[in-house]
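Asker:
Residue numbers (the numbering used here): 11 to 104.
What follows is the structure in structure tokens.
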């Protein structure tokens, strides 16, 4: 077998470049490419903010999707209307 160091070295370089290029692209759970910007995630589901209703924990300031914590917008009105009541998330209760 004949060894061609230049060709093998070039092949390795190309493979490394391709691997590095692949690392630059991040695919989120839904399959849509994300940019290099950091995507802030929330809630128990650790997903980004979306069009759905969200509520903030009065203790840790973490935001939760209402659907994920089984809370409707109507239920949160009691927290808004009574300053003595605080919404405490499942993490802070535990």
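Glycine included, C-beta positions come from ideal geometry on N, C-alpha and C. From a predicted model like this one, the values you see are computed outputs, not experimental measurements.
Output yes or no for whether 9 Å exceeds the beta carbon distance between residue 105 and residue 95.
Answerer: With the chain covering only 11 through 104, there is no way to say anything about residue 105.
Asker: By the 10 Å Cβ neighbour count, where 16 or more other Cβ atoms means buried, how is residue 65 classified, buried or exposed?
Answerer: So residue 65 counts as buried.
Asker: Between which residues of its own chain and residue 72 is the CB-CB distance below 8 Å, once the five residues before and five after are set aside?
Answerer: These residues qualify, in order along the chain: 52, 53, 66, 99 and 101.
Asker: Short of 7 Å in beta carbon distance, which residues of its chain neighbour residue 88, apart from the five on each side in sequence? Order them along the chain.
Answerer: 95.
Asker: Between which two residues does the alpha helix (DSSP H) containing residue 74 stretch?
Answerer: It is not in any alpha helix (DSSP H) - residue 74 instead sits in the beta strand (DSSP E) that spans 73–75.
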